[in-house]
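Chains as they are written, first to last, in our numbering: chain S, 5 to 306; chain E, 456 to 759.
Beta carbons are placed, not taken as given, at the ideal position from N, Cα and C, and that holds for glycine.
Worksheet: one structure, shown below.
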């Protein structure tokens, strides 16, 4: 009789296998990598190959349609739209990532504490989340962005409007995450390994953050990937209204706004930044969908 | 049931007050006030203005004045002399309401219909194409879609006027732009719900007793399948409220949304406070209605 070796497969190995079968999600990840490379490396490449930079103006040219030298055309001030789309993409992606990181930090801490402490504290903490979820919080963000002057919050070389955006969007997008983490913690804290940790005298907060929280990672990753596109959309929404990123900084929101104002005469100003942004959002949504199917198979699919 | 509704309604007032207070706090903490902007008034006039809006009073008195003024509708707008906050909301909200209702109606009709088609013809070309369109619809931001639709249908084909708000034909583009993303999401929810319900025993029973297919789908299955859609209506309304802000800017619609942004930028504190309270109350009442609709659609759900 031959010995059969049964190879165990971890949660992550299973998830990886499931994710690779979700073709659109894998394709989205590839496209996203390309978009990120386009935004991060693109400006250097265009400078080397085509010889124009982000600030360079060619007033004589004015708003010119796409050409070989300016593949996305130029804007009214004679600036290259492709380089501006790349630089704007850097800002949009950075805002999305940092605000999501803020929401991750706040959401996980809040949810974990609420679920772990339980009882009345939990009830009050979750009521607050319900309350915030039931308000059109974007209205409050609009007020915040409108009344705080960006110059007061700029740190180092970063424009204040970008910092303000990190904070404002990070602080309102943690709610769902907090709920998810709380639910997970409520179930996990009754498990044997927690009891074992308690029995050998591990301090409660260490139990929570070293033993319980790492086990909530799956759903947390999934919902963070879904938070990124929604934060990106909010940033563009605010910038579009003139409440977000200000000149000379640019983001996809401000570019689309500029484009919308001039679209009847210079449609390329709207079409290129709009298309890149839509493509990115599309891929992020798909990536999130695929990850949810892979890491959180019990979650309902819609 | 009635007890629950009464309790929920009673909770709205303190919640709105709390929200009003947070907004007020935000405005207080922000540097600068409504009257120290571009024009430099002589100090006496500045004092007079601040006294008129009790900006010189301690914060609790100010807050009290605003709330009382909002409640009885006499709070004046700080930047539009001679008009009260109530009058301004009263004249511009109907426009936003029309826009939001049209968009929601459009989203529900299109979303539910294509969701049903997708589910009963699962894996057909119909299913595949509606769901692909829905996926794209979710990802296109409305401020990209709006200008694009203007470019194609107003400036290119000339079917509808590009902007303004006079008569039904000017309302089509704004409502479609606002509603499309929700239609897409509702289509996915309806399809998923329908696929689940259509396999249950009571649907099989309905079929077995010889009911016509459309009766089974519409009278029996749809009711259960719509539950996720109903739940989605709460958050969707909140987003449509903020969504109108952008749509009103793109299509130059004289509604409350864009007006709100302007008053935040102008630091018209009384107007900002008024609009936040107004929208929050509407939203909470709507959330309550959603919960009531839930018990009606699914008799198993009881409101505690």
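Name, going along the chain, the residues of the segment 639-669 of chain E whose beta-carbon falls closer than 7 angstroms to a beta-carbon of chain S.
643, 644, 647
So which residues on chain S does residue 594 of chain E lean against when the C-beta distance must stay under 7 angstroms?
Numbered from 1 along the second chain, position 139 holds the residue referred to as residue 594 of chain E. Ordered by position in chain S, the residues that pass the 7 angstroms Cβ test against residue 594 of chain E are 282, 285, 286, 289.
Hey, is residue 475 of chain E's beta-carbon within less than 7 angstroms of any beta-carbon in chain S?
One-based indexing of the second chain puts residue 475 of chain E at position 20. At least 7 angstroms separates the CB of residue 475 of chain E from every CB of chain S.
Sequence ranges, alpha helix (DSSP H) only - wholly within the segment 136-211 of chain S, length at least 4
141-151, 164-176, 179-192, 196-203
At a Cβ cut of 8 angstroms, what residues of the segment 699-723 of chain E count as close to chain S, listed as they run along the chain?
700, 701, 704, 705, 715, 716, 719, 720, 722
Proximity of residue 116 of chain S and residue 212 of chain S at Cβ, strictly below 7 angstroms:
The residue given as residue 116 of chain S occupies position 112 in the first chain. The residue given as residue 212 of chain S occupies position 208 in the first chain. In contact: residue 116 of chain S and residue 212 of chain S (Cβ atoms closer than 7 angstroms).
Please check if any C-beta of chain S sits within less than 7 angstroms of the C-beta of residue 687 of chain E.
Your numbering for residue 687 of chain E matches position 232 in the second chain. No, its Cβ sits nowhere closer than 7 angstroms to a Cβ of chain S.
From the DSSP secondary-structure annotation, give me the bridge partner or partners of residue 469 of chain E.
The residue given as residue 469 of chain E occupies position 14 in the second chain. Answer is none; residue 469 of chain E lacks a bridge partner.
Every unbroken beta strand (DSSP E) inside the segment 584-652 of chain E [3 residues or more]
none
Residue 267 of chain S CB to nearest chain E CB: under 7 angstroms?
As a working note, residue 267 of chain S is residue 263 in the first chain. Judged by the 7 angstroms Cβ criterion, residue 267 of chain S is in contact with chain E.
Could you please give the first and the last residue of the uninterrupted alpha helix (DSSP H) stretch that includes residue 101 of chain S?
Stepping through the first chain from its first residue, residue 101 of chain S is reached at position 97. Run containing residue 101 of chain S: 85-121, per the alpha helix (DSSP H) assignment.
What separation, rounded to the nearest whole angstrom, lies between the Cα atoms of residue 621 of chain E and residue 707 of chain E?
The sequence position of residue 621 of chain E within the second chain is 166, counting from 1. The sequence position of residue 707 of chain E within the second chain is 252, counting from 1. So the alpha carbons of these two residues sit roughly 11 angstroms apart.
Where the alpha helix (DSSP H) through residue 576 of chain E begins and ends
Here residue 576 of chain E refers to the residue found at position 121 of the second chain. Element bounds for residue 576 of chain E: n/a, residue is neither H nor E.
Segment contact, 8 angstroms Cβ cut-off, at least three pairs: the segment 580-599 of chain E with the segment 257-273 of chain S
Yes: the two stretches touch, three or more of their Cβ pairs being nearer than 8 angstroms.
Who are the Cβ neighbours of residue 289 of chain S in its own chain at under 7 angstroms, not counting the five residues just before and after it?
As a first step, residue 289 of chain S is located in the first chain; it is residue number 285 there, counting from the start. Cβ within range, chain order: 233.
Where residue 228 of chain S and residue 294 of chain S are concerned, what is the direct C-alpha to C-alpha distance, given to the nearest angstrom?
Indexing the first chain from 1 puts residue 228 of chain S at position 224. Indexing the first chain from 1 puts residue 294 of chain S at position 290. Whole-angstrom Cα-Cα distance: 13 angstroms.
Length of the line joining the Cα atoms of residue 459 of chain E and residue 640 of chain E:
One-based indexing of the second chain puts residue 459 of chain E at position 4. One-based indexing of the second chain puts residue 640 of chain E at position 185. Here the alpha carbon of residue 459 of chain E sits roughly 30 angstroms from the alpha carbon of residue 640 of chain E.
Where residue 727 of chain E meets chain S, residues with beta-carbon distance less than 8 angstroms
The residue given as residue 727 of chain E occupies position 272 in the second chain. Contact note: residue 727 of chain E reaches chain S through 147, using a C-beta cutoff of 8 angstroms and chain order.
Using a C-beta to C-beta distance shorter than 7 angstroms, which residues of chain E count as neighbours of residue 244 of chain S?
By one-based count along the first chain, residue 244 of chain S stands at place 240. Under the 7 angstroms cutoff, chain E gives 598, 701.
Specify whether the segment 712-729 of chain E and the segment 536-551 of chain E touch according to this definition: at least 3 beta carbon pairs, one from each stretch, less than 8 angstroms apart.
yes
What residue ranges within the segment 499-554 of chain E form continuous alpha helix (DSSP H) runs of no fewer than 4 residues, ordered along the chain?
You should have 514-527.
Starting from residue 222 of chain S, follow the alpha helix (DSSP H) in both directions and report where the run begins and ends.
Position 218 of the first chain, counted from the start, is the residue given in the question as residue 222 of chain S. Secondary structure note for residue 222 of chain S: its alpha helix (DSSP H) is the uninterrupted segment 221-244.
How would you write the range of the alpha helix (DSSP H) that residue 736 of chain E sits in, first residue to last?
Locating residue 736 of chain E in the second chain gives position 281, where the first residue counts as 1. Looking at the DSSP string, the run of the alpha helix (DSSP H) that includes residue 736 of chain E is 724-752.
Taking 7 angstroms as the CB-CB limit, is residue 681 of chain E close to chain S?
Along the second chain, one-based indexing puts residue 681 of chain E at 226. By this cut-off, residue 681 of chain E is not an interface position.
Could you tell me whether any Cβ in chain S is nearer than 7 angstroms to the Cβ of residue 467 of chain E?
Residue mapping note: residue 467 of chain E aligns to position 12 of the second chain, counting from 1. So no, residue 467 of chain E is outside the interface.
How should residue 578 of chain E be labelled, buried or exposed, when 16 other C-beta atoms within 10 angstroms of its C-beta is the threshold for buried?
Taking the first residue of the second chain as position 1, residue 578 of chain E is located at position 123. Exposed, because fewer than 16 other Cβ atoms sit within 10 Å of the Cβ of residue 578 of chain E.
With a 10 Å radius around its C-beta and 16 neighbouring C-beta atoms as the bar for buried, classify residue 38 of chain S as buried or exposed.
For the purposes of this step, residue 38 of chain S is taken as residue 34 along the first chain, with counting starting at 1. It counts as exposed.
Beta carbon proximity, residue 151 of chain S to chain E, threshold 7 angstroms
Taking the first chain and counting its residues from 1, one reaches residue 151 of chain S at position 147. Residue 151 of chain S counts as touching chain E.
Which residue's Cα is closest to the Cα of residue 704 of chain E: E:668, E:692, E:717, E:694?
Here residue 704 of chain E corresponds to residue number 249 of the second chain, with the count starting at 1. Residue E:717 is the option with its Cα nearest to residue 704 of chain E.
Taking the alpha carbon of residue 167 of chain S as the reference point, which residue from S:30, S:246, S:95 has its own alpha carbon closest?
For the purposes of this step, residue 167 of chain S is taken as residue 163 along the first chain, with counting starting at 1. For the residues S:30, S:246, S:95, the minimum Cα distance to residue 167 of chain S belongs to S:95.
Give a yes or no on whether the minimum CB-CB distance between residue 731 of chain E and chain S is below 7 angstroms.
Position 276 of the second chain, counted from the first residue, corresponds to residue 731 of chain E. At least one chain S Cβ lies under 7 angstroms of residue 731 of chain E.
Identify the residues that DSSP records as bridge partners of residue 78 of chain S: which are they?
Here residue 78 of chain S corresponds to residue number 74 of the first chain, with the count starting at 1. DSSP lists S:84 as partners of residue 78 of chain S.
Can you name, in chain order, every residue of its own chain whose Cβ lies under 8 angstroms from the Cβ of residue 615 of chain E, other than the five neighbours on each side?
As a working mapping, residue 615 of chain E is identified with position 160 in the second chain. Hits under 8 angstroms: 608, 609, 624, 625, 627, 628.
Which of helix, strand or coil DSSP assigns to residue 48 of chain S
Here the question's residue 48 of chain S lines up with position 44 in the first chain. It is helical.
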